[in-house]
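S.K.: Chains as they are written, first to last, in this note's numbering: chain A, 1 to 283; chain B, 1001 to 1283. Note that CB positions come from ideal geometry on N, CA and C, so glycine has one too. Okay, handing you the structure first.
There are 2 protein chains.
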Amino acid sequence: MIQCKTIDEIREQVTLLKKQGKSVAFVPTMGALHQGHLSLIKLAKAHADEVVVSIYVNPEQFGPNEDFEEYPRQLEDDIQACQEEGCSVVFTPDDEIMYGSDKKYLSIQINELNLHMDGVSRPGFFEGILLVVNKLFNIVDPDFAVFGQKDIQQVQIIRQMVREFNHNVEIVMAPVQRAEDGLALSSRNAYLTKEQRMVAPYLYSALKRVEAKIHDGLVEPEAVLKEEQEELEAKGFKNDYLNVFSFSVMAPVEKLEPGNKYILAGAAYLGKTRLIDNLIIDL
Amino acid sequence: MIQCKTIDEIREQVTLLKKQGKSVAFVPTMGALHQGHLSLIKLAKAHADEVVVSIYVNPEQFGPNEDFEEYPRQLEDDIQACQEEGCSVVFTPDDEIMYGSDKKYLSIQINELNLHMDGVSRPGFFEGILLVVNKLFNIVDPDFAVFGQKDIQQVQIIRQMVREFNHNVEIVMAPVQRAEDGLALSSRNAYLTKEQRMVAPYLYSALKRVEAKIHDGLVEPEAVLKEEQEELEAKGFKNDYLNVFSFSVMAPVEKLEPGNKYILAGAAYLGKTRLIDNLIIDL
């Protein structure tokens, strides 16, 4: 496996692979790799001959009061994990490489798609993600890019960018990876105390209960969602949202209709740690 | 020469050329090709093995009161001109191919760089240009892209996009092509009446007079610029701007300093036709 720190280096490596007729799948990460990421890498390998992983904690997607400084960083372990998973290239740029020190004059604005879910609680989050993913797509130029369903709003917004910007890349969405008790794997789970970790899977079980009721014929889930939010609060969560959203635009849906696809998603804090999870409902 | 109408077709052709080890230079145009465009194609050929020209009148860069409908269209002549100039591929998409009919959720915002010059008179103009050029760069994936200095603010903003978005393309700026009497070549010159066409070169001569005075030591050009604007009005022009701007940010400059680069630029109407021209001042 080759480690590239500069844009010229990574471009050279990918060009080399493509000249050999190899297809390239790309897994952009912020490091602190866990089994969730490794499942993305495995899925990437299933789609393409070679896998490129980027490890870069993108400052542009953190708000001023968020955890940019505390975000777990373990570059050496991450590189080793990539190697063990059979990646071909790992791209580990620093801020100077990614953004330089010159003044920036452009930004990517998002309409509607970030008005709900994480877009509300994290202003500028998805704009920061598009900023870096747009750059990374242009730098790495992969055939496929793999993102996890856990961050489903991110996946949908990136898919929209690929459509509107004509990136020549196919987006692959990987299923949520979970601990045995159901908790969605996340680098931020490392922040949880033992007690919080015990309670954490309740977010997923709340989603599963609502999903079961929807499949049993529940059409207007508002009351059920409210009950589950109260249960979560009783367990020690501080709710952000728990709702059903339309699949493409990610706007709240009051009445479910057969033939449609929805996202049943929740976000809640345990202490300072924000957990998110979601299920896709295909009626 | 091959004509491609779809994104898949043009991608296939460029991929084929690159597989043969050929470098590709790209000349995006809105058609109505004149000697100015042909000079861009010639410069493209000097930079790369193969030249791709796109012909597409981009609706997104026209304001509601601008000349989108009247903009000259002569596709067959343009294709023949590209062939005669030795282009390899001409890309002639329609609106459905470029933008589709689905709702758009993203836009590229520009800060500062469009506050002056054409950015003031044409709100949304440069955002519309970035929208289509970003798409075209991702579709065509060229090694070089050639733009004319006549639209220098466009060139500078596209260069900024290439830096911030990490497009893997080198921007080449071609000098302004002029008629024998000095008028900068432009597809919009076709709108001029015989009488207007006689007067039109005066914009360039005004710039040349100011340039000469700056090279003779003029440091604060405001008064001279005002005189020239009055002369232009007397000749029948309606002035938009005539000023010296900083080279990178394109903000008005009151006092010129040695060692700096500036853009001396003017825009003025003859009837409904808007003419622009500029000179780069390197002190």
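1) Indicate whether the contact test is met: 3 or more Cβ pairs, each with one atom in the stretch 69 to 81 of chain A and one in the stretch 165 to 179 of chain A, closer than 8 Å.
2) Should methionine 117 of chain A be flagged as near chain B, meaning a C-beta pair shorter than 8 Å?
3) Where glutamate 127 of chain A and glutamate 1230 of chain B are concerned, what is the direct C-alpha to C-alpha distance, given to the nearest angstrom?
4) Against chain B, does isoleucine 129 of chain A count as a neighbour if the rule is that its beta carbon must be under 8 Å from one of theirs?
5) My parser needs the alpha helix (DSSP H) runs of 4 or more residues fully inside the stretch 1107 to 1139 of chain B; what are they?
6) Check each candidate in B:Leu1264, B:Gln1154, B:Leu1043 and B:Lys1019 and name the one with the smallest Cα separation from isoleucine 1129 of chain B.
7) Applying the 10 Å Cβ sphere with the 16-neighbour rule, what's the burial state of glycine 1063 of chain B?
8) For glutamine 1160 of chain B, which residues in chain A fall below 7 Å Cβ to Cβ?
9) From proline 123 of chain A to leucine 264 of chain A, what distance separates their C-alpha atoms?
10) Whole angstroms is fine: what's the gap from serine 1246 of chain B's alpha carbon to glycine 1271 of chain B's?
11) How should glutamine 156 of chain A be labelled, buried or exposed, when 16 other C-beta atoms within 10 angstroms of its C-beta is the threshold for buried?
12) Measuring CB to CB, does leucine 1242 of chain B end up less than 8 Å from alanine 1206 of chain B?
13) Could you list which residues in chain B have their beta carbon closer than 7 Å to that of glutamate 122 of chain A, in chain order?
14) Buried or exposed for histidine 116 of chain A, please, with buried defined as at least 16 other CB atoms from any protein chain shown within 10 angstroms of its CB.
15) Please compile the residues from chain A whose C-beta is within a distance smaller than 9 Å of the C-beta of arginine 1178 of chain B.
16) Helix, strand or coil: which one does DSSP assign to arginine 1274 of chain B?
17) Mapping the DSSP letters down to three states, classify serine 1088 of chain B as helix, strand or coil.
18) Given alanine 81 of chain A, which residues of its chain have a CB within under 6 Å of its CB, disregarding the five upstream and five downstream residues?
19) Along the chain, where does the beta strand (DSSP E) that runs through lysine 42 of chain A open and close?
20) Can you tell which of B:Asn1166, B:Phe1147 and B:Arg1178 has the C-alpha that lies nearest to the C-alpha of aspartate 8 of chain A?
21) Count Cβ pairs between the stretch 1024 to 1044 of chain B and the stretch 1186 to 1203 of chain B that sit closer than 8 Å; are there 3 or more?
22) At least one CB of chain B closer than 8 Å to the CB of glutamate 164 of chain A: is that the case?
23) Quick check on lysine 18 of chain A: buried or exposed, where buried means 16 or more other Cβ atoms within 10 Å of its Cβ?
24) Using a C-beta to C-beta distance shorter than 8 Å, which residues of chain A count as neighbours of histidine 1167 of chain B?
25) Under 8 Å, Cβ to Cβ, is there at least one residue of chain B near glutamine 61 of chain A?
26) Express the C-alpha separation of threonine 1006 of chain B and threonine 1092 of chain B in angstroms, rounding to a whole number.
27) May I ask you to list, following chain order, the residues of the stretch 12 to 28 of chain A that have a beta carbon less than 7 Å from some beta carbon of chain B?
28) Can you give the beta carbon distance from valine 140 of chain A to phenylalanine 26 of chain A, rounded, assuming they're within the 8 Å contact cut?
29) Distance cutoff 8 Å, beta carbons only. Does glutamate 1112 of chain B sit that close to anything in chain E?
30) Check whether the Cβ atoms of valine 89 of chain A and isoleucine 10 of chain A sit closer than 8 Å, and answer yes or no.
31) Please check the pair cysteine 1087 of chain B and methionine 1001 of chain B, which I expect to be a contact at CB under 8 Å, by giving their CB distance rounded to whole angstroms.
32) Could you check what DSSP says for asparagine 239 of chain A in three-state terms: helix, strand or coil?
33) Using CA coordinates, which residue listed in A:Val146, A:Ser121, A:Lys208 and A:Ala145 is at the minimum distance from tyrosine 269 of chain A?
34) Assuming glutamine 3 of chain A is part of the beta strand (DSSP E), what are its boundary residues?
35) Measure from the alpha carbon of leucine 1203 of chain B to the alpha carbon of each residue in B:Asp1181, B:Leu1218 and B:Lys1194, then state which is nearest.
36) Using 8 Å as the threshold, is the C-beta distance between arginine 1209 of chain B and aspartate 1240 of chain B below it?
M.R.: From the atom records:
1) no
2) Numbered from 1 along the first sequence, position 117 holds the residue referred to as residue 117 of chain A. No - not a single Cβ of chain B is within 8 Å of the one on methionine 117 of chain A.
3) On the first sequence, position 127 is the one that residue 127 of chain A refers to. On the second sequence, position 230 is the one that residue 1230 of chain B refers to. Spanning the two alpha carbons is a distance of roughly 46 Å.
4) Here residue 129 of chain A is taken as the residue at index 129 of the first sequence, counted from 1. Chain B, which has no Cβ nearer than 8 Å to the Cβ of isoleucine 129 of chain A, makes this no.
5) 1118 to 1121
6) Reading the second sequence from its first residue, position 129 is the one you call residue 1129 of chain B. Of the candidates B:Leu1264, B:Gln1154, B:Leu1043 and B:Lys1019, the one whose C-alpha sits nearest the C-alpha of isoleucine 1129 of chain B is B:Gln1154.
7) Indexing the second sequence from 1 puts residue 1063 of chain B at position 63. Result: exposed.
8) Position 160 of the second sequence holds residue 1160 of chain B. Within 7 Å Cβ-Cβ: Tyr105 and Leu106.
9) As a position in the first sequence, residue 123 of chain A is number 123, starting the count at 1. As a position in the first sequence, residue 264 of chain A is number 264, starting the count at 1. If I take the Cα positions, the gap works out to 21 Å.
10) As a working note, residue 1246 of chain B is residue 246 in the second sequence. As a working note, residue 1271 of chain B is residue 271 in the second sequence. Rounded to whole angstroms, serine 1246 of chain B to glycine 1271 of chain B spans 29 Å at the Cα level.
11) Along the first sequence, one-based indexing puts residue 156 of chain A at 156. Answer is buried; the Cβ neighbour count reaches 16.
12) Against the second sequence, residue 1242 of chain B aligns to sequence position 242. Against the second sequence, residue 1206 of chain B aligns to sequence position 206. Yes. Within cutoff.
13) Indexing the first sequence from 1 puts residue 122 of chain A at position 122. Checking the displayed sequence, the identity of residue 122 of chain A turns out to be arginine instead of glutamate. Within chain B, no residue comes near arginine 122 of chain A; the closest Cβ sits about 17 Å away, beyond 7 Å.
14) Indexing the first sequence from 1 puts residue 116 of chain A at position 116. Burial call: buried.
15) The residue labelled residue 1178 of chain B in the question sits at position 178 within the second sequence. The premise fails here: arginine 1178 of chain B is roughly 30 Å from chain A at the closest Cβ pair, so nothing lies under 9 Å.
16) Here the question's residue 1274 of chain B lines up with position 274 in the second sequence. DSSP places arginine 1274 of chain B in strand when its eight states are reduced to three.
17) What you label residue 1088 of chain B is simply residue 88 of the second sequence in a count that begins at 1. Residue state, collapsed to three classes: coil.
18) Numbered from 1 along the first sequence, position 81 holds the residue referred to as residue 81 of chain A. The answer, listed in chain order, is Leu33.
19) Reading the first sequence from its first residue, position 42 is the one you call residue 42 of chain A. Taken as a continuous stretch (DSSP letters only), lysine 42 of chain A belongs to no beta strand (DSSP E), being part of the alpha helix (DSSP H) at 35 to 47.
20) For the purposes of this step, residue 8 of chain A is taken as the residue at position 8 of the first sequence. With distances taken between Cα atoms, aspartate 8 of chain A lies closest to B:Asn1166.
21) yes
22) Stepping through the first sequence from its first residue, residue 164 of chain A is reached at position 164. Taking Cβ atoms only, chain B reaches closer than 8 Å to glutamate 164 of chain A, which makes this a yes.
23) Indexing the first sequence from 1 puts residue 18 of chain A at position 18. By the 10 Å Cβ count, lysine 18 of chain A comes out buried.
24) Within the second sequence, residue 1167 of chain B is the residue found at index 167, counting from 1. Asn138, listed in chain order.
25) For the purposes of this step, residue 61 of chain A is identified with residue 61 of the first sequence, where counting begins at 1. So, not an interface residue.
26) For this step, residue 1092 of chain B is matched to residue 92 along the second sequence. For this step, residue 1006 of chain B is matched to residue 6 along the second sequence. So the two alpha carbons sit approximately 8 Å from each other.
27) none
28) Working through the first sequence from its first residue, we reach residue 140 of chain A at position 140. Working through the first sequence from its first residue, we reach residue 26 of chain A at position 26. Sure, about 5 Å apart at Cβ, within 8 Å.
29) The structure shown contains no chain E; its protein chains are A and B.
30) Residue mapping note: residue 89 of chain A aligns to position 89 of the first sequence, counting from 1. Residue mapping note: residue 10 of chain A aligns to position 10 of the first sequence, counting from 1. The answer is yes: Cβ separation under 8 Å.
31) Along the second sequence, one-based indexing puts residue 1087 of chain B at 87. Along the second sequence, one-based indexing puts residue 1001 of chain B at 1. Cysteine 1087 of chain B to methionine 1001 of chain B, Cβ: 6 Å. Contact.
32) Locating residue 239 of chain A in the first sequence gives position 239, where the first residue counts as 1. It is a strand residue.
33) Translated into the one-based positions of the first sequence, residue 269 of chain A becomes position 269. When each option's Cα is compared against that of tyrosine 269 of chain A, the closest is A:Ser121.
34) Residue 3 of chain A sits at position 3 when you count from the first residue of the first sequence. Unbroken beta strand (DSSP E) run through glutamine 3 of chain A: 2 to 4.
35) Here the question's residue 1203 of chain B lines up with position 203 in the second sequence. Measuring from the Cα of leucine 1203 of chain B, the nearest candidate turns out to be B:Asp1181.
36) As a working mapping, residue 1209 of chain B is identified with position 209 in the second sequence. As a working mapping, residue 1240 of chain B is identified with position 240 in the second sequence. For arginine 1209 of chain B and aspartate 1240 of chain B, no; Cβs fall outside 8 Å.
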